[in-house]
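See structure below.
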Amino acid sequence: MKKIRNFCIIAHIDHGKSTIADRMMELTGTVAKREMKSQLLDSMELEREKGITIKLTPVTMHWKGFILNLIDTPGHVDFSYEVSRSLAAVETAVLVVDATQGIQAQTLANVYLALEQNLKIIPVINKIDLPAADVDTVAAQIMNLLGCERKEIIEVSGKTGVGVDKILDAIIDWGPEARLFRGLSEVTTENEGASPVTTGRSDPSPETTLDSGTTKALIFDSYFDDYRGVVLYVRVFEGEIPKNAEIWMMGTKTRGEALEVGFLTPKMSPQEKLEAGEIGYIVTNLKSTREARVGDTVTLLKNPAEVALPGYKHVVPFVYAGFFPVSNDQYKELKEAIEKLSLSDSALEYEPENSPILGFGLRIGFLGLLHLDIIKERLEREFKLDLIVTNPSTNYEVVMNNGEVKEIKSAAELPDASEVLEIREPWAKGEIILPKSMIGNVLNLINERRGHQTNLSYIETRAVIDFEAPMANLLTDFYDQLKSVTSGYASFNYELKGYQAGDLVRVDFLVAGHKMDALSVVAHRTEAEAIGRDITKKLKEIIPRQNYEVALQAAIGARIIARETIGAYRKDVTVKIHTGDRDRKAKLLNKQKRGKARMKRFGKVDIPAEAFTVMLKKD
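Using my numbering, the letters of the sequence shown map in sequence onto residues 13 to 631.
So this is what it looks like as structure tokens:
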């Protein structure tokens, strides 16, 4: 175990994590030159197309007689749960900062996560080859943040490979060797956001963590392979897992068999066994990853451990959207597809939903809008589904008159106003990093979203604004507006703070007098009219014209707060009359008028799929 080093690379989006991982694999000879391609660990088609990492990916490398286990992590705030799982499986974190951009919001968030786990942090400045690189300023920011010395910061270029060997040497020289235990103080199983302090890995007492002679491995990721079944990515903390051994999942109380064990290089490389300190994979005979959840402990059936390893904190989705198949025949396929995706994505929660207009579908919970977008694209690409996705919303807590507290995930579930005592909405705690000169614009934007600033601090030439705001107001286009008012220089990170009561109302939308539950939203009373006007205008552009006039209305209860009218097609019924007889013309026009009135009574307005995502439609 003295020859094993486990580490992960953490950074803000686009700071070069995957490119540095490529150079490491090239340098260590893990991947042959002819097989090398950029972002090699980003195997998913979507990852390569968007240029972002979505799933954590482990790989085993050899360097100067040492075994280096690397986990490449995502940088986007929506996937920070993947990062927290990676950190629990390693002892060292390589912190990458872009030489042209400096410290960003996710850089800070990831540093806090690494400090919580008491990891050794190795600071790296990447992209030093770019003309805009300002290495000295960025180094000063890192020294200010970590309290390290200038000589400890490694300067590299992931593109050219300069300095990457120094990172590998630093991991061997400075990084701690693989440990046999995880302290119980490092990871909580509560939903509370962790504070950015070093809690440390506590020394385990024999009765809590170490069972002498037993095997314990932590599952930090799992996925379902159509040909091989459930594959687990594990970090072995004690004992060993031999090939063909019978295994026991302590959390789900499931029995399985390790059909194959080995390392990822990055292809699967089978071994006879996985030993303490190593990171690898186990191919099991399980049919569903529900039986082997991420965060569970794997032990051997013949000599099981008595106490499981502490898992991860349970993440709670706070963005919900309805997913409906265009054809109801595809409902079963949609359900099976979501089940498969949720196997490796612990943050995905779903439940059946039925809409009078859209039919049967699923209400799915996400960690953010990018998460929603990725899942939607994967369903359409990998499972060939045609989907209608409703407006994303957040969850609310409703206190009834009798004191009962209900959680609702969409406006359609909101009980009658006479039965409700108060409605509580989720608030987010956010952090924005930006140049000092742009503070005023951003504070105005926060105030427009009913938010308020809680703290303002400075890191060298940059400002850090801490603020709180309602989650619903950050969901749709806050990030786009932030980029717009700061010319793209600001970065943004947030987490759920808790629920606060507010003067909230349900805004319904009526098309030709029919209420559309799928379009309803919960809004603050002060913003309801503006939202009503905005959405009815957008619906007017999307819903096609009919042969009769169609009214689009926004209402709070029985009170109409906004209206738009889609004009009818005009057909000239008098064109066939060749005389100028007014009576004959009037007779035909009256007949047309009666026909339109009848159509209006019985006609059905065809609502296109885009109408249900009207909230995401930019002006």
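Backbone N, C-alpha and C fix where the C-beta goes; we use that ideal spot for every residue, glycine too.
Within its chain, find whatever has a CB closer than 6 Å to the CB of A574; leave out the 5 residues flanking it on each side and keep chain order. G544, R545, T548 and A566
Cβ separation of S98 and F232, assumed to be a contact under 8 Å, to the nearest whole Å: 7 Å
F78 CB to nearest chain D CB: under 9 Å? No chain D appears in this structure, which consists of one protein chain only.
Close beta carbons around F330, own chain, < 7 Å, minus the five adjacent residues each side: T406, N407, P438, M483 and L508
Between which two residues does the alpha helix (DSSP H) containing Q493 stretch? F490 to V497
Alpha carbon to alpha carbon, how far is P86 from L68? Give it in angstroms, no decimals. 6 Å
Which of the three DSSP states is assigned to E202 in this structure? Bear in mind that the predicted position of E202 carries a pLDDT of just 32, short of 50, making it too unreliable to give a figure here.
Closer than 7 Å by C-beta to L313: which residues in its own chain qualify, once you throw out the five before and the five after it? Chain order, please. E258, I259, W260 and R267
Can you name the residues that DSSP bridges to E348? Beta-bridge pairing links E348 to no other residue.
Which first and last residues belong to the beta strand (DSSP E) in which T119 is found? Not the beta strand (DSSP E): T119 falls in the alpha helix (DSSP H), residues A117 to E128.
Alpha-carbon spacing of L125 relative to D398, whole angstroms: 38 Å
Terminal residues of the beta strand (DSSP E) in which T42 lies: Looking at the DSSP string, T42 is not in any beta strand (DSSP E), and its letter there is neither H nor E.
On the DSSP letters alone, give me the boundaries of the beta strand (DSSP E) that N81 sits inside. F78 to D84
For K603, which three-state DSSP category applies? helix
Given L601 as reference, the closest of I179, K583 and E284 once Cα atoms are compared: K583
If you drop the 5 nearest sequence neighbours on each side, which residues of the same chain put their C-beta closer than 6 Å to that of N366? F372
Exposed or buried, which one is V338 when buried takes at least 16 other CB atoms within 10 Å? exposed
According to the neighbour-count rule (16 or more other Cβ atoms, all chains shown, within 10 Å of its Cβ), is H24 buried or exposed? buried
Spatial distance of I79 from L244 (CA atoms): 20 Å
Along the alpha helix (DSSP H) that carries G544, what are the first and last residues, could you check? R537 to I554
Looking at R111: is its Cβ nearer than 9 Å to the Cβ of I140? Before going on, a small fix: residue 111 reads as Ala here, not Arg. Yes, the Cβ-Cβ distance between A111 and I140 is below 9 Å.
Distance, D515 Cα to R462 Cα: 12 Å
Cβ-based burial, V246 [other Cβ within 10 Å; buried from 16]: buried
Between the segment 490-503 and the segment 454-470, can you find at least three pairs of beta-carbon atoms closer than 8 Å? yes
Exposed or buried, what is P560 when buried is set at 16 or more other beta-carbons lying within 10 Å of its beta-carbon? Checking the sequence, you will find Tyr at residue 560 rather than Pro. So Y560 counts as buried.
Tell me which residues share the same chain as E219 and place their Cβ nearer than 7 Å to its Cβ, disregarding the 5 neighbours each side in the sequence. Because E219 sits at a pLDDT of 36, beneath the cut-off of 50, its placement in the model cannot be relied upon, and the following sentence gives the value as read from the coordinates. Cβ neighbours of E219 beyond the five flanking positions: none.
Would you report the Cα separation of S358 and K608, rounded to the nearest angstrom? 53 Å
Which ranges does the beta strand (DSSP E) cover as unbroken runs of at least 3 residues, wholly within the segment 283-320, from first to last along the chain? 285-287, 291-296 and 309-312
Evaluate the contact criterion for the segment 98-107 versus the segment 19-35: three or more CB pairs, one atom per stretch, below 8 Å. yes
Under 9 Å between the Cβ atoms of N403 and V626? yes
Checking the sheet assignment: what are the DSSP bridge partners for R575? Q565
With DSSP run on the structure shown, which of helix, strand or coil describes L384? helix
Using the three-state DSSP reduction, which class does E219 fall into: helix, strand or coil? Note that E219 scores a pLDDT of 36, beneath 50, so its modelled location is shaky; the value from the coordinates is reported in the next line. Here E219 sits in coil by DSSP.
Would you give the residue range spanned by the alpha helix (DSSP H) that G510 belongs to? Segment S503 to G514 is the beta strand (DSSP E) holding G510; no alpha helix (DSSP H) there.
My output table needs one value for L379: the three-state DSSP class, helix, strand or coil. coil
Could you pull the start and end residues of the alpha helix (DSSP H) that R97 belongs to? S92 to A100
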